[in-house]
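Chemist: Residue numbers (the numbering used here): 8 to 531.
We put the CB at the ideal spot given by N, CA and C, even for glycine.
Predicted model only: the values in this text are computed from it and were never measured.
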Ligand code: GLU
């Protein structure tokens, strides 16, 4: 494997990511992009982005934008591609028609491809015939021997046509750098359609021409492309081109071991961004979908990945997409952030959830926030209560340890910004306690807390006073006191501890919430 690479000197290695802009950049494609990028970085090669937009109907500029935005977000910088330029452009297939024409005309002249004028009905009838006799579906080769005159006449009459490849019958053997030799008989390919006309090649032919023209040395792509490879090799041979080297990445499976799909939650990489996954977490996660290090190390920075990455560590067996692992890695990276930085990162989510507002227009901010904005004043959208940046930091910090993705923050902290909470009686009642007991407890809590001076309203004091109260009322089970208090303050089944929360909420709000909670309980 290493020997193969040495035939090409470092710096000469050229790889490409060649997505079709027919949908958002999903996580499977991002994995392909990443391995290309990583390999290029490792070998000091060039990473090219080529947009394969030959399917005019399904290709959309907005998907190209989504792809480029996704790559930029992750930091997978391409050196050549749309908007970047390079010596081998244009990098959109739709802009390469003149280049394709040269090759298609050459193939036609050498009689390696031919015009086919068969109608859809004819093709359909032949297909049904083959199905009837249990034969593999392949073109009948009816048009292979049309005379020059017939062709000229049909073209003149504007008869619909395509160009077919005179597929040579042979065993195609190619070497995959991960999997070794792969062999496939061309017998079942039939004379495949390779172009619609002289300037419009279909996928396989366009790709072969482009990879050659762009001097691509290694094709790194998903295993699902293995069946295309022998076809592309035959086309390369017909053009007298030496094919690049191949690395087919393993399939990505969902947790239920079927091919990863939307059903499993596979989505556009920009949606992961929106959900609050951090770039280093995504990178760490992606690399394990096809590679494993020599050690047990689980977390890598990008530079250390580039250093440790080698083809030898790549796997051919399918990789399972484990969401819990992604959340775990993301949580790890969230914990690495300072509390101030984390607050800055959480800020757009709080705005988006309509919890806080500030002086600038909401549209300006979400997901493009920066620290300067944080010097501004914030207020709760509902109550208009002012919040300093420090107070927001204290709120976010409560969840620093348990946050798995940034978007979770709004639901965890919403009660700090709301006017009134919606309480559930069942939730307020601790274990087997009676309703009236809890009501009395809340009453005692209110009285005791009411006596604490505003200037002493600090977590430590609150804790001291409340634990003392628990002792006075003879409660061995502190939950009887602290549970209803916590629920009264948050309205939630789970949250940070009541002392920390009460401190940030402030005296007035704490007492107000205890009173509100009390009201829903009956005294008898
Ligand atoms: N346009 C192809 C795709 O999106 C790329 C094929 C390749 O990488 O060779 O699947």
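1) Beta carbon of residue 25, beta carbon of residue 214: below 8 Å?
2) Just the residues with CB closer than 6 Å to a heavy atom of the ligand GLU, in chain order, which are they?
3) Is the beta carbon of residue 336 less than 8 Å from the beta carbon of residue 292?
4) Please work out which residues of its chain come closer than 6 Å, Cβ to Cβ, to residue 520, disregarding the five sequence neighbours upstream and downstream, and give them in chain order.
5) So, do the region 116-129 and the region 151-166 have three or more beta carbon pairs nearer to each other than 8 Å?
6) Per DSSP, what kind of secondary structure is residue 187 in: helix, strand or coil?
7) Which residue marks the beginning of the beta strand (DSSP E) containing residue 255, and which one marks its end?
8) What residue range does the alpha helix (DSSP H) around residue 339 cover?
9) Please report the straight-line C-alpha distance between residue 27 and residue 76, rounded to a whole angstrom.
10) With a 10 Å radius around its C-beta and 16 neighbouring C-beta atoms as the bar for buried, classify residue 87 as buried or exposed.
11) Give me, in chain order, the residues of the same chain whose beta-carbon lies closer than 7 Å to that of residue 449; leave out the 5 immediate sequence neighbours on both sides.
12) Using a threshold of 8 Å, state whether the C-beta atoms of residue 530 and residue 412 are closer than that.
13) Per DSSP, what kind of secondary structure is residue 409 in: helix, strand or coil?
14) Do residue 294 and residue 85 count as a contact pair if the criterion is CB distance below 8 Å?
15) Figure out for me which residue from 181, 169, 283 has the closest Cα to the Cα of residue 243.
16) If we ignore side chains and look at the alpha-carbon of each, how far apart do residue 5 and residue 273 end up?
17) Quick check on the DSSP output: what are the complete alpha helix (DSSP H) runs of length 4 or more inside the region 387-456, in order along the chain?
18) Within 10 angstroms of its Cβ, does residue 558 collect 16 or more other Cβ (buried), or is it exposed?
19) For residue 511, tell me which candidate among 66, 422, 328 has the shortest Cα-Cα distance.
20) To the nearest angstrom, how far is it from the Cα of residue 48 to the Cα of residue 517?
21) Please list, in chain order, all residues of the same chain as residue 31 whose beta carbon is under 6 Å from its beta carbon, the five residues on each side excluded.
22) Going by beta-carbon coordinates alone, are residue 406 and residue 503 separated by less than 8 Å?
23) Given this structure, state the Cα-to-Cα distance separating residue 332 from residue 254, to the nearest angstrom.
24) Over what stretch of residues does the beta strand (DSSP E) that includes residue 265 continue unbroken?
25) Check whether the region 199-216 and the region 89-98 are in contact - that is, three or more C-beta pairs closer than 8 Å.
26) For the region 105-135, which segments carrying the beta strand (DSSP E) assignment without a break, of at least 3 residues, lie completely within its bounds, in sequence order?
27) Measure how close the beta-carbons of residue 193 and residue 241 come, nearest whole angstrom, since I'm counting them as under 8 Å.
28) Starting from residue 215, trace the alpha helix (DSSP H) in both directions and tell me its first and last residue.
29) With which residues is residue 99 paired in a DSSP beta bridge?
30) So, are the CB atoms of residue 480 and residue 468 less than 8 Å apart?
31) Work out the CA separation of residue 401 and residue 328 for me, nearest whole Å.
Modeler: Judging by the given coordinates:
1) Their beta carbons are under 8 Å apart, which means residue 25 touches residue 214 by this criterion.
2) Listed by position in the chain, the residues whose beta carbon lies within less than 6 Å of some heavy atom of the ligand GLU are 25, 26, 27, 59, 214, 226, 228, 232.
3) Yes.
4) Within the same chain, residue 520 has close Cβ partners 495, 496.
5) At 8 Å Cβ cutoff, the stretches touch.
6) Looking at residue 187 - three-state DSSP - the assignment turns out to be strand.
7) For residue 255, the uninterrupted beta strand (DSSP E) segment begins and ends at 252-256.
8) 330-343 is the span of the alpha helix (DSSP H), which, as asked, contains residue 339.
9) Spanning the two alpha carbons is a distance of roughly 15 Å.
10) Looking at its Cβ environment, which holds 16 or more other Cβ atoms inside 10 Å, residue 87 is buried.
11) When the five nearest sequence neighbours on each side are left out, the beta carbons in the same chain lying within less than 7 Å of the beta carbon of residue 449 are those of 491, 495, 521, 524, 525, in order along the chain.
12) Not in contact: residue 530 and residue 412 (Cβ atoms no closer than 8 Å).
13) Here residue 409 sits in coil by DSSP.
14) Result no, Cβ atoms of residue 85 and residue 294 do not sit closer than 8 Å.
15) In terms of Cα proximity to residue 243, the closest of 181, 169, 283 is 181.
16) Given that the chain is displayed from residue 8 to residue 531, the structure contains no residue 5 and the question cannot be resolved.
17) Runs of the alpha helix (DSSP H) inside the region 387-456: 396-404, 416-420, 432-435.
18) Residue 558 is absent from the structure shown; the chain starts at 8 and stops at 531.
19) For residue 511, the nearest C-alpha among the options comes from 422.
20) When rounded, the distance between both Cα atoms is 55 Å.
21) 73, 275.
22) Result yes, Cβ atoms of residue 406 and residue 503 sit closer than 8 Å.
23) Their Cα atoms are separated by approximately 26 Å.
24) In the DSSP assignment, residue 265 falls outside any beta strand (DSSP E) and carries neither an H nor an E.
25) Cβ pair count under 8 Å is below three, so no.
26) 120-123, all fully within the region 105-135.
27) The C-beta distance from residue 193 to residue 241 rounds to 6 Å, short enough to meet the 8 Å contact threshold.
28) Counting along the chain, the alpha helix (DSSP H) containing residue 215 begins and ends at 210-220.
29) Under DSSP, the beta-bridge partners assigned to residue 99 are 58.
30) No, Cβ-Cβ distance for residue 480 and residue 468 is not below 8 Å.
31) Approximately 35 Å between the Cα atoms of the pair.
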